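Colleague: The UniProt record's numbering applies: residue 1 is where the first sequence begins, and numbers increase by one.
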Amino acid sequence: MNALTTVSSLRRCSTSLLENLPILQLIKQCSSPKLLDSALAAMVKTSQNQDCFFMNQFITACTSFNRIDLALSSMTQMQEPNVFVYNALIKGFVTCSLPIRSLELYVRMLRDYVSPSSYTYSSLVKASLFDRVVGESVHAHIWKFGFCFHVQIQTTLIVFYSGLGRIEEARKVFDEMPERDEFTWTTMVSAYVRDFDMDSANALANRMSEKNVATWNCLIDGYMRLGNVEVAESLFDQMPVKDIITWTSMIKGYSFNKRYREAISVFYKMTEAGIVPDEVTMSTVISACAHLGVVEIGKEVHMYTVQNGFVLDVYIGSALVDMYSKCGCLNRALLVFFNLPEKNLFCWNAIIEGLAAHGYAREALRMLEKMEVELIKPNAVTFVSVLTASTHAGLVEEGQKVYRSMSSDYSIVSNIEHYGCMVALFSKAGLILEALELIESMEFEPNAVIWGALLDGCRLHKNLEIAEIAFKKLMVLEPRNSGYYSLLISMYAGENRWRDVAEVRGRMRGLGIEKLCPGTSWIELGKRVHVFAAADKSHSASDEVYLLLDEVYEQMALAGYVQESEGVY
DNA sequence: GTAGGGTTAG
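1) Could you give the distance in angstroms between the alpha-carbon of Asp199 and the alpha-carbon of Gly253?
2) Where does His150 sit, in a helix, a strand or coil, going by DSSP?
3) Please name the residue in Leu312, Pro277, Lys258, Gln307 whose C-alpha comes closest to that of Gly293.
4) Which residue from Lys377, Leu340, Ala393 puts its Cα closest to that of Leu355?
5) Which word fits Trp498, buried or exposed, when buried means at least 16 other C-beta atoms lie within 10 angstroms of its C-beta?
6) Return the first residue and the last residue of the alpha helix (DSSP H) that Gly354 is part of.
7) Is the CB-CB distance between Thr63 and Cys96 below 8 Å?
8) Buried or exposed: residue 581, going by 16 or more other Cβ atoms within 10 Å of its Cβ?
9) In whole angstroms, give me the CA-to-CA distance for Thr60 and Thr391.
10) Restricting to runs no shorter than 4 residues, where is the alpha helix (DSSP H) found entirely within the stretch 123-202?
11) Out of His139, Tyr86, Gly135, state which residue places its alpha-carbon closest to the alpha-carbon of Val114.
12) I believe Leu320 touches His302 by the beta-carbon criterion, under 8 Å. Please report the beta-carbon distance rounded to the nearest angstrom.
13) Report yes if the CB atom of Phe65 is closer than 8 Å to the CB atom of Pro99, and no otherwise.
14) I want to know whether the stretch 372-380 touches the stretch 394-404 - three or more CB-CB distances under 8 Å.
15) Express the C-alpha separation of Ile469 and Tyr492 in angstroms, rounding to a whole number.
16) Nearest-angstrom Cα distance between residue 570 and Glu80?
17) Work out the CA separation of Ile220 and Thr281 for me, nearest whole Å.
18) Out of Glu514, His461, Lys473, Glu465, point me to the one whose CA is closest to Ser486's CA.
19) Within 10 Å of its beta-carbon, does Trp143 have 16 or more other beta-carbons around it, so buried, or fewer, so exposed?
20) Looking at the structure shown, is Ser74 part of a helix, part of a strand, or coil, going by DSSP?
21) Just mark Asn415 as buried or exposed, buried being the case when its beta carbon has 16 or more other beta carbons within 10 Å.
22) Just the Cα atoms here: how many angstroms apart are Ile432 and Glu551?
23) Using three-state DSSP, classify Pro99 as helix, strand or coil.
24) Could you check the C-alpha separation between Cys327 and Glu296 for me, to the nearest Å?
25) Considering Glu233, what are the terminal residues of the alpha helix (DSSP H) in which it resides?
26) With a threshold of 8 Å on Cβ separation, who are the neighbours of Leu368 within its own chain once the five nearest residues in sequence on each side are excluded?
27) Helix, strand or coil for Leu226 per DSSP?
28) Could you pull out every residue in the same chain whose Cβ sits closer than 6 Å to the Cβ of Tyr223, ignoring the five residues on either side in sequence?
29) I need the boundaries of the alpha helix (DSSP H) containing Gln400, first residue and last residue.
30) Got a sec? Which residues, its chain only, sit under 6 Å from Asp195 by beta carbon, not counting five neighbours each side?
31) If you follow the alpha helix (DSSP H) that Gln57 is in, where does it begin and where does it stop?
32) Can you list, in chain order, the residues of its chain whose CB lies under 6 Å from that of Ala350, leaving out five sequence neighbours each side?
33) Pop quiz: Met177 and Val151 are said to be a contact at Cβ under 8 Å. What is the actual Cβ separation, rounded to whole angstroms?
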C-alpha cells in the first residue's frame, strides 16, 4: 500500500467515525473552530440540523469559538427554530460584541411568532447597554411581554440605567420591583457608588437586613475612589467577613490614593492572615512596587507569583514589565515580556514605554511594527511612547512617519500629548517653523508643555525671535515657573543682550519668583530609597559615591560626551 | 432533556 492510499483510507475511516458518533458528543468535543464545520456537515447529512436541541448546542459551541457567522448561517437553514435556538444566537451576538445583530434577530423572532423567554431579555438588555433609546424600547417590550416583575431582568435594567448615568431611572426600577434579592440590593448600591453618591449608597446599604460582602466591598471601593481612605479603613475594620475582593480593594484603594507603602503592607498583612491572593491582587501589588520603584520587593512579589503557581496573565505580565522597566531593569522587563504566553495591548504598551524611557527609540519603533504584525492594535498611549522615544533620539523622519500612520492607519485623533511630542521633535531638530505651524494647526489651546518644548528648541537652535513668542505665551500660562525665565535669560546672555537679561531678572524679582528648585532622582539600595538632586553634596554616606561619579564623568567624556554648560546661569 | 443568566477588585 502506498502513502496515498493510506491517507485516503484514513479519510474514509474518519468520515465514518464522524457519522457514527452521537451528534451531541461530536458538538461537545469540538476543540477547535475548524471542527465545527465537520460537526455541522454531519448534522446536515442526517437532517439533525433541523433539531432545535442540537442546534442550540451547536450555536453555543460556535459562540465560544467566535464563529457567530457559522451559527447564523446554520440557523438560517432551519425550518422551525424555537425559542432555545433564537436565545442561543441572540446571546451569541452579544458575546461576540454584535449587539445590533442580536436586536435584529429578536425582531425576526417576533415575526416568526416565537415567544421570547426571560433568557431573551437578559441578553437583550446587555445588547442595549450602548444606547438609551434602544434600551428603553427593550424595557417597553419587557413590560409588554410580562417580564416586568422578573427579578433578574429588572436587576439588569438597574445596571442599564445606572450605566447611562440615569440614577433616578435606575432607582425607579428598583422601587417598582415587588420583590428583590441580594443581587438587586447590591446592584443598586453599586449604582450609587458609581455615581459617587456615597450618602445614598450608604443609606440604601443600611436598609439591608444584613450587608453582604459584595456590598461592603462596593462601599470600600467608592470611598477609596473619592479619596476618603479613613472611612474605607473603618468599613474594612467593621465588616464581619472579608473576602479576596475586600483585601484587593484595599490594596487598590491605597494605590489609587498614592499610598503605595500602605498598599504593600496590606498585601503582607493579607498573606499573614492566611488569605491566598489571586492574579488581580498580585498585579495590583506589583504595580504599587512599580510606583515606588522598589525593585527588591518587586522581585520578591514576582517570586511569590512563580512559586505559588499563578497564571502569568496579561495583567500580571504587563504589571511586571512595567515594574521592571520603571525600576531600571529593562533586561528583566524584556525577559518577562518575551516569555508571556499571551500579550495584549497593555503588555505591548508597557514594554514600548520601557524601551522609550530607557532611550531605545529604534527598538521601540521595531516593537510597534512587531505588535502590528501580531494584530494588536496600538492606541493613543502607544504612540505617545513611540513619539517621545523618537524625540529623545532625534529620529525626526521616523517620528513623522509614525505620527502620520497614527491618524491614517489607526484613525487615532491626536491629543495634546501627541502634539507635545511632535512639537518637541521638530523643535529639537531645529525645525522651529514646522513646530510653530503645527501649534497653530491645533484645534485646541496649546498648553505650557507645548510652548515649553518650543522654547527649549529655540534655545538649542538659538532662535530668539520665536523664543520670545513662546515665552510670551508661557507668561500667561505659567507666569510663576522660574524655568522659563532662566531659559530666556540664558539666551539673551548668549547674545550679550545684557539689558534684556536685566529686564527679565527684574520681572522675576518683581513677581517674587524664586530660582528653580532642582529636580530629584532616587535609587533603591537594599530596601531603602535614597533621593538625589543635581549638585547634591548631602550624601555623607561615603566619598565613594562622588569618586564613582567622577569616574562616570570620565568614562562619558571618553565616550565623546560633551557637557552642555551653556544655559547654566 | 437543552441555556448557568443579574452584584463587588484589573
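All C-beta atoms, glycine included, are put in the ideal place defined by N, C-alpha and C. It should be emphasised that the depicted structure is a prediction, and the values quoted were computed from it without experimental measurement.
Modeller: Based on what the coordinates show:
1) So the alpha carbons of these two residues sit roughly 19 Å apart.
2) coil
3) Lys258
4) Ala393
5) exposed
6) Taken as a continuous stretch (DSSP letters only), the alpha helix (DSSP H) holding Gly354 covers 345-357.
7) yes
8) This structure leaves residue 581 out entirely; the chain is present only between 1 and 569.
9) Rounded to the nearest angstrom, the two C-alpha atoms are 50 Å apart.
10) 132-144, 151-163, 167-176, 182-194
11) Tyr86
12) The Cβ separation is near 6 Å, so the contact holds.
13) no
14) no
15) 14 Å
16) Here the chain covers residues 1 to 569 and nothing more, so residue 570 does not appear.
17) 16 Å
18) When each option's Cα is compared against that of Ser486, the closest is Glu514.
19) Here Trp143 is exposed: its Cβ has fewer than 16 other Cβ atoms, across all protein chains shown, within 10 Å.
20) helix
21) exposed
22) If you take the alpha carbons of Ile432 and Glu551, they lie about 37 Å apart.
23) Residue state for Pro99 is assigned as helix, using DSSP reduced to three classes.
24) 10 Å
25) Taken as a continuous stretch (DSSP letters only), the alpha helix (DSSP H) holding Glu233 covers 229-238.
26) Ile352, Pro378, Thr382, Val386, Val402
27) coil
28) Val231, Ala232
29) Per DSSP, Gln400 belongs to the alpha helix (DSSP H) from 396-408.
30) Ile167
31) 52-64
32) Ser318, Val321, Asp322
33) Yes, Met177 and Val151 are in contact; Cβ-Cβ is about 7 Å, under 8 Å.
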